[in-house]
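Protein chains in written order, with my numbering: chain B, 1143 to 1641; chain L, 88 to 487; chain A, 478 to 561. Just below is one structure, and these are the notes that go with it.
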Amino acid sequence: MTVLIGDPVLEELRGILGPEHVLTGKADRLNRARVPAPFPVHRWAERMPDLVVLPASTEEVAEVLRLADALRIPVVPRDGGTGLTDGAVPLRGGIVVDVKRINQIKEIDLGNRTCTVGVGINALKLNEVLARHGLIYPDDPASYPCSLVGGRIGTSGWSLIGSRYGHTRDLVLSFDHVLPGGRVIHVGDGIGRKITKSSSGYQLKHLFMGHQGTLGIATEATLKLFPKPEAEFSPFWAFEDYDSAYRAVGALARAGVATFAGAVLFDEWKVDYLRRDDEAYIPQPSSVKALVCAALYGYEDEVRAGGRRLLRIARSLGARYLGDEISEGDWAARHDRYATPLHGRTKSGQVVPMSWHCEDASINYTRLPAVRLAWHEIAARLRRESDVFDDWGMFAYTNGATGADYLTEIDIGIWEQRLDDTAWAAWVRAKRDLAAVTLEHGGSISACHGSCREGEVDLVPEELGGGYDVMLAVKRAIDPNNIMNPGKYLLDQAYAEEP
Amino acid sequence: MPDPDERPEKEFAEEWRDAAYNCFSSGHKFCREVCPVMQVTRNESWSPTAFHANVVAMEKGELEVADVAADYVNCTGCGACEVRCPNSLFTGDFYRFRTRTVDLVKAVRGLAVEQGVHQPGWRRWNQLTDERRHEPVLDGTPVDQGRVRDWAEGLELPIGGESILFVDCEAAFVRTSVPRSVARILSLAGYEFGLMNEQWCCGGPAAEMGYDEQARRFARHNLDDWRAAGVRRVLVLDPHDYITFTEDYPRYFGDAYDIEIVLVVELLAELIREGRLTPHVPVERTVTYHDPCRLNKRKGVWREPREILRAIPGLTFHDVDRVSQWSYCSGGGGGLPVEKPELTAKISEQRVGKAAELGVDTLVSACPWAERPLSDAGRARSIDVVDLHELLAESLGVSP
Amino acid sequence: MTYRHQEEMSPPPARRVTDVAITRFEHVYEVEPALMTEHVTQQSFPNWDTLRLVRSRADHLAWMHRHFAGKVISGEELLHDLDE
């Protein structure tokens, strides 16, 4: 259903939120129809919502959802809009509920070491306040300076230092959640707001994280806090071939060092790409073909002991330490490592602004080499087809402390100024093929972004099997009128007539 | 029906397209949490990244300038978005291509004015400036050419000379103790300088609000006046003027622009370093320093004001580093207080709130335009807002 | 400290570093200008702006370390421990 200007629903919304918090301007709507995910910019206008609301409280969100449900108007929740999947992009118009105004720090509980915040808050800004208490909320995505807590919940985000502190699902203890009909529930372990472990009832917290806005809207969250680390160590090492680097990253991750917060493997394509414009890698000798870095956080004595152990392991596997300057500089830049468009190059080497598309999957350690080759082949096919695409190389990041699986990403540049239907179709096909490789190797289509984007989403039912049927049943039960982010995750199937 | 390829928006987008895609295609939005307007409104339509995305939409024929002109009011020109953007911070110098949101905002405002889309407050402000040759500053303060040097009464400063002190409209007509302090300090150090023959507003505010023709006319006047008097060097105490003289004027006059521009704060720090000035009167205050946006974010000037503060005996100085201050602002720039004083007030309240958390009694600024909104916000929290130049004069034992 | 337009618009001479990068200021790399001639052209970039960004980057990275931890451990120092 489309909401037209002059529609009585507008007046109702203005009554709920105040007139200045109901936006109908075209620029207001266009700017809430895009995220950094692969985006058909040539068809931007098709993604526009009919209007945007800026609620300030859980109650206001609930009233908006009650109204939308009664009138069957699609609702798309939006927080930071920094996601690399398109959860916050409307497919069917309707109302975008932009929750950035719900960003207050409600409580810092020093005794239980938690804080309660509005989901419109950014973790960096929160940590500036927590630092005064010697505390940190260590949810650290590449969008750390701009992503917001609500989006981290809606996508079930991944953290760079998750091997030490856990990922968003571990760090968010509980939250207020508005169901599609407007009912507000509290979701956590058991009923508690600050409980970290319960076995009472179904464990609903995971269900209401990572649903990409298809099951309602989180508004206020209670977060787990840690002491701000006394010390950090972030060594970077160079290798003469990928296989050595691959062996080293596995050994580092399996070492069982308690302060180990994560390790990253850079492949040859990534190193070549960094040589284009990264001051740390431009002067490196051509023998450098792959890189590994690790990060440790904790008390200084622990970090020193763990650091020595990792340095010894790396050295025994042929690693060359790149020095303190590169190690420190590059690691500090990883907290805000979104790509710069000017990394893009045509086949002739000319600089062009390309958008960054990080295609991610969770892949087990032993499958990394095979997935890597298959993925680069897909990227090479795209590049052969069109100058619109560019292979920016691959990273593999540890998902957890034991080294079982890795967030595996291939970064592909897309020259959006030249994007058209043909190139978009080639892209969607490539995404489907990337996801198929993941499933062939027993992986999961996404480690951190979500898998509801065009192309890859087609394979989600295959990945989840019977679990996908449960998803359909849950969606139908919780959102009987399909108002929440309709069209995402192919969930319209939940409402198909029974045969 | 007009040819769609001849729309002014299309022509505009052609000039700004690459810059716009450099933002749109990255989608970082690292600008958002440092943007002062965004921090107090949380409205993404007024985020720096939206200002770039709108250009892409204009190119695609989705937007006209009239649709968005009012959105572009919501910018103080502080430059936080530009410096925090990875496209500047990490690769701007490498590619010699950085994010230029401030220039873009000015350009869209200019396009709006060109198309006859005016903001009422700005139109009036610039009309009055055009009539009086100076900004109308505070309502009720008499502003005219005959009074532009009144602030210097009794200081017996010469007119003209190789070096002249340029005093912005706010300081010349309202914050007169600031230029008086500067003049007294420079005289104490034996630094020779004079005043301008016929000083007009620098033209920067008109340029910021989109009145480009007026801005250029005022700039032309000032440059001609300098040349006629044999001026080689212009001393500038206001960060806004410093931007105008080092960014706008070079753009207007190109290689022919041969006037040296000296920032007074940097000069004073040097005079202290050389021992030509020695602050000795203790100033018993507990202070923090507000980095003026145009110095810290847009010019990278942040050491010298701290050097001066550390040279003043008696001060207890609780510093907040320059990077944290990328997200601080007074809200006083870019014409925002003329059109949306309520947003300026909120931004200033937030800034003063940060100072209050440090337990200080004084917030030191080095920007006359920041000091009015900050002082208003400071009163509610019993925090004095004091200008750095005045503070230094006090410690040097010279009264304004 | 003093702004002089002519000086600002005269960068130090370029020296080649790799096929795709040059250097003008110490420890500062720039793209080979020939790679920005067809689609995106370089902006007018006074020297102060280059140096402002280089210094701001260093300040930002140092800030980020302080934001996440009290101190940074030196790998060179730990390697030295291993060799003893």
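Built from N, CA and C at the ideal position, the CB exists for glycine as well.
Distance CB(residue i)-CB(residue j) smaller than 9 Å
{"i": "Leu1315(B)", "j": "Thr1256(B)", "result": "yes"}
{"i": "Arg409(L)", "j": "Ala442(L)", "result": "no"}
{"i": "Ala1405(B)", "j": "Val1434(B)", "result": "yes"}
{"i": "Lys1248(B)", "j": "Val1259(B)", "result": "yes"}
{"i": "Arg372(L)", "j": "Asp471(L)", "result": "yes"}
{"i": "Cys110(L)", "j": "Thr163(L)", "result": "no"}
{"i": "Met541(A)", "j": "Arg183(L)", "result": "no"}
{"i": "Val321(L)", "j": "Phe253(L)", "result": "yes"}
{"i": "Ile272(L)", "j": "Leu364(L)", "result": "yes"}
{"i": "Lys116(L)", "j": "Trp525(A)", "result": "no"}
{"i": "Pro392(L)", "j": "Leu475(L)", "result": "yes"}
{"i": "Asn1245(B)", "j": "Arg210(L)", "result": "no"}
{"i": "Met1626(B)", "j": "Pro1216(B)", "result": "yes"}
{"i": "Asp1533(B)", "j": "Gly1555(B)", "result": "yes"}
{"i": "Glu131(L)", "j": "Arg481(A)", "result": "no"}
{"i": "Gly1236(B)", "j": "Pro1191(B)", "result": "yes"}
{"i": "Phe138(L)", "j": "Val192(L)", "result": "yes"}
{"i": "Phe1381(B)", "j": "Leu555(A)", "result": "no"}
6 Å CB neighbourhood of residue i in its chain, flanking five on each side removed
{"i": "Ile359(L)", "result": "Ala398"}
{"i": "Ala1538(B)", "result": "Leu1407, Leu1510, Tyr1548 and Thr1550"}
{"i": "Met88(L)", "result": "Because the pLDDT at Met88(L) is just 49, under 50, the model does not fix this residue reliably, and the value given afterwards should be weighed accordingly. If we look at Met88(L) and ignore the five residues flanking it on each side, it has no Cβ neighbours."}
{"i": "Lys1630(B)", "result": "Gln1354, Thr1356 and Cys1594"}
{"i": "Ala1577(B)", "result": "Ile1587, Glu1598 and Leu1601"}
{"i": "Ala1481(B)", "result": "Trp1498"}
{"i": "Val473(L)", "result": "Thr449 and Val451"}
Exposure of residue i, with buried meaning 16 or more beta-carbon neighbours within 10 Å
{"i": "Ile246(L)", "result": "exposed"}
{"i": "Gly1584(B)", "result": "exposed"}
{"i": "Glu1519(B)", "result": "exposed"}
{"i": "Pro489(A)", "result": "exposed"}
{"i": "Asp1383(B)", "result": "exposed"}
{"i": "Gly1486(B)", "result": "buried"}
{"i": "Pro369(L)", "result": "exposed"}
{"i": "Ile1333(B)", "result": "exposed"}
{"i": "Lys1366(B)", "result": "buried"}
{"i": "Ala1615(B)", "result": "exposed"}
CA nearest to the CA of residue i, picked from the options
{"i": "Gly1276(B)", "options": "Ile1554(B), Ile1250(B), Arg1174(B) and Lys1336(B)", "result": "Ile1250(B)"}
{"i": "Tyr1286(B)", "options": "Gly1608(B), Ala1521(B), Arg1487(B) and Ala1475(B)", "result": "Ala1475(B)"}
{"i": "Glu243(L)", "options": "Glu279(L), Met296(L), Asp312(L) and Glu249(L)", "result": "Glu279(L)"}
{"i": "Val224(L)", "options": "Ser482(L), Ser462(L), Pro455(L) and Arg320(L)", "result": "Pro455(L)"}
{"i": "Ala1546(B)", "options": "Ala1403(B), Asn1506(B) and His1591(B)", "result": "Asn1506(B)"}
{"i": "Lys1267(B)", "options": "Thr1544(B), Tyr1637(B), Ser1289(B) and Pro1622(B)", "result": "Ser1289(B)"}
{"i": "Arg1335(B)", "options": "His1163(B), Ala1363(B) and Asp1600(B)", "result": "Ala1363(B)"}
{"i": "Thr479(A)", "options": "Ser250(L), Tyr108(L) and Arg129(L)", "result": "Ser250(L)"}
{"i": "Gly401(L)", "options": "Pro379(L), Val374(L), Arg390(L) and Lys384(L)", "result": "Val374(L)"}
{"i": "Leu215(L)", "options": "Cys288(L), Val195(L), Glu169(L) and Glu151(L)", "result": "Cys288(L)"}
{"i": "Glu146(L)", "options": "Ile434(L), Gly197(L) and Lys97(L)", "result": "Lys97(L)"}
{"i": "Val508(A)", "options": "Gln483(A), Ala539(A), Val494(A) and Leu538(A)", "result": "Val494(A)"}
{"i": "Ala1360(B)", "options": "Ile1620(B), Val1291(B) and Thr1310(B)", "result": "Val1291(B)"}
{"i": "Gly1262(B)", "options": "Leu1165(B), Gly1223(B), Ala1403(B) and Thr1227(B)", "result": "Gly1223(B)"}
Cross-strand partners of residue i (DSSP beta bridge)
{"i": "Lys1431(B)", "result": "Note: Lys1431(B) sits in no beta bridge, so no partner."}
{"i": "Ala1553(B)", "result": "Before going on, a small fix: residue 1553(B) reads as Asp here, not Ala. DSSP, once it has assigned bridges, lists Cys1500(B) as partnering Asp1553(B)."}
{"i": "Met541(A)", "result": "None, per the DSSP bridge assignment."}
{"i": "Arg492(A)", "result": "Thr500(A)"}
{"i": "Pro1219(B)", "result": "Val1239(B)"}
{"i": "Val1190(B)", "result": "With the sequence shown as reference, residue 1190(B) is identified as Met, and Val is not the correct amino acid for it. Answer by DSSP bridge pairing: none, since Met1190(B) is not bridged."}
Spatial neighbours of residue i in its chain, beta-carbon cut-off 7 Å, leaving aside the 5 residues before and after
{"i": "Ala1568(B)", "result": "Leu1524, Glu1527 and Ser1528"}
{"i": "Cys1590(B)", "result": "Gly1299, Trp1300, Asp1502 and Leu1549"}
{"i": "Arg1208(B)", "result": "Gly1323 and Gly1324"}
{"i": "Glu481(L)", "result": "Val368 and Val370"}
{"i": "Gly422(L)", "result": "Trp209, Pro292, Glu295 and Met296"}
Residues near residue i in its chain [Cβ-Cβ closer than 8 Å; skip 5 each side]
{"i": "Pro1283(B)", "result": "Ser1289, Arg1294, Gly1299, Trp1300, Ser1301, Leu1302 and Cys1590"}
{"i": "Ala1204(B)", "result": "Val1320, Gly1324, Arg1325 and Val1326"}
heavy atom of the ligand HEM below 8 Å from residue i C-beta
{"i": "Asp1192(B)", "result": "Judged by which ligands are present, the structure shown has none, so any question about the ligand HEM falls away."}
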